[in-house]
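Under the numbering used here, the letters of the sequence shown match residues 12 to 378, in that order.
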Amino acid sequence: MVQSLVKILDKEACVDQLIKAGSVSWDRSLVYHIFDKAEADLVCNLPLSRWGVEDKMVWGPAKNGRFSMKSTYYLGKERVKRMEGEASVRNSGVDIWKQIWNMKVQDVVRLFLWKAAHEILPTKVNLFKNQIIESKVCPICEREDETVIHALWRCPAAADVWAKEGRPVKKWNNNVSSFVELWSDMQKKLGRDEVEAVAYILRRIWLRRNYWIFENKFEEPKKVIRAAKQVETEVEEANQRCLQEGVHCSKPRRECTKWEKPAREEFKVNWDAAIDDKLQIVGIGVVVRDDQGEILACLCSVVKNQSATCMVEAMAVTPPNPRARTRGNRDVRMVTTRVTIPSTGAKCLQRQQMCTKRHAADKQVNK
C-alpha cells in the first residue's frame, strides 16, 4: 500500500477536516486535491453517520467492544490454532478446502465438513468457550471433552459406527488430534466414492448426537449407516435423472439478492417471519434502514400459537406507528415500497386490526 503525501493539511490533522462543516458529506474537492484518484475514490465511498455521533474505540474480538485480557487470551489461542491448522494442511500437500467444495454430495454435507474442518461445530467445548453451557463433557460417553474430532471419530459411540463391516476406515488409528488431520488422511488413502460415503456417515453421526441431546433418541450403528446410505443413494438417483433430462443440477444456480436503497430522505423496512410447526411458535424480524443503508431500528419477536402463514406475515408488517421520530426532531414517513401482501394476508391483517381496536375499546369501557 502506498501512502499519499499530505499536500495541504497539517501533519496532525484529523479526518473531520475532510468533512464539510455542518453537513454529513465529504469535501470532495479537498479530498481529491490531497490524495491520488484511487485513494480519494476509496475515501469518498466511505459512508458517514448522519447523526453526528462521536467516534469511539471498539475492540473487535469482544462482543461488547470493550478490551479485556480474557478476549485477548482467546484471540491468541485462535491465531495459534489457525496457524497450526494452515501448517498441517500445507505439510500434507492436500488442498482439503477445494476438495470439500468439489465433492459431489449435498450442499448441506459440504457445509458440514467445512464447519468441522474449521472447528466451529456447536460441540460442548465450543459452547463452553462461549459461556453458553457449564459443562464441556461429551453428552454420550460422558468421559472426555466433546471436541469436533471426539464427537465424530474418537467417541466410543462414533467408533462403533466406524467398526462395522464394510467400512473403509474400520481399523484406522483412533488417536487423531484434529478433524483436518483425519480428513487429509482420508483424501490420501480413500477413493472418491469412499470419501463421499464417509462424508454422509460423518454428518449422520452428528445428527444422531443432536437427536440424543434434544429428543432423547439414540440410533444404533446399523441404522446410522443405513440412513446415510439412503441419502447418498437418493442424491445419486436425482443426479442421474437430471443428466438423463439434460439438466445440470449438481450445483444449482441461485439468484443474487441485493438490498436496494430507498429514495433520499426516506426509510425502508425489511421484514420476514418463520414458523416452527412442531413448537407452535413464530419468529418475526424487522429491520429499518435509511437511504445510506444505516440501521436505525430492528425488532426480533417470538409469538406463540400462530399457524397461518398469512397471519404471521401480516403481524410482521403491522407498524406500531405510521410515523417515526428521528434524532433530528423531524417527522419522516416510513416507506415500505415494492412489498406485496397476498389477499389472504390482507384479510388476516384486517382481522388483527379489528381485534386490536375491539381490545382497546374494551379497556376503555373497563376504565
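Using N, Cα and C, we set each Cβ at its ideal position, and we do this for glycine too.
| Item | Value |
| --- | --- |
| Could you check if LEU57 is buried or exposed, using at least 16 other CB atoms within 10 Å of its CB as the buried criterion? | exposed |
| Kindly list the residues whose CB is nearer than 6 Å to the CB of ARG336, restricted to its own chain and excluding five residues on each side of it in sequence; keep chain order. | Confidence at ARG336 is low in this model, with a pLDDT of 42, below 50, so the placement of that residue is unreliable and no value is reported for it. |
| Considering Cα atoms alone, identify which of GLN198, GLY202, ALA162 is closest to ASN185. | ALA162 |
| Need the endpoints of the beta strand (DSSP E) that ARG300 sits in, please. | 292-300 |
| Among GLN110, SER82, ASP156, MET80, which has the Cα closest to the Cα of MET197? | GLN110 |
| Roughly how far, in whole angstroms, is the beta-carbon of ASP301 from the beta-carbon of ALA274, given that I think they are within contact range, below 8 Å? | No, ASP301 and ALA274 are not in contact; Cβ-Cβ is about 11 Å, not under 8 Å. |
| If we count Cβ pairs, one from each stretch, closer than 8 Å, do we get three or more for the region 113-127 versus the region 203-210? | yes |
| Taking SER312 as part of the beta strand (DSSP E), name the residues at either end of that continuous run. | 306-315 |
| In chain order, what residues of the same chain lie with their CB nearer than 8 Å to the CB of SER146, ignoring the 5 residues before and after it? | LYS135, PHE139 |
| Considering only DSSP beta bridges, list what ILE111 is partnered with. | Answer is none; ILE111 lacks a bridge partner. |
| Counting along the chain, where does the beta strand (DSSP E) carrying ASP283 start and finish? | 278-287 |
| Confirm, please, whether the CB-CB distance from LEU307 to GLY296 is below 8 Å. | no |
| Look at ALA128 and ILE107 and say whether their C-beta atoms are less than 8 Å apart. | yes |
| Would you mind sorting LEU53 into buried or exposed? The rule is 16 or more other CB atoms within 10 Å of its CB. | exposed |
| At which residues does the alpha helix (DSSP H) containing ASP196 begin and terminate? | 190-200 |
| Does the beta-carbon distance from LYS233 to LYS272 come in below 8 Å? | no |
| What is the DSSP secondary structure of VAL91, counted as helix, strand or coil? | helix |
| Which residues does DSSP list as the beta-bridge partners of ASP156? | VAL148 |
| Starting from CYS55, trace the alpha helix (DSSP H) both ways and give me its first and last residue. | 48-55 |
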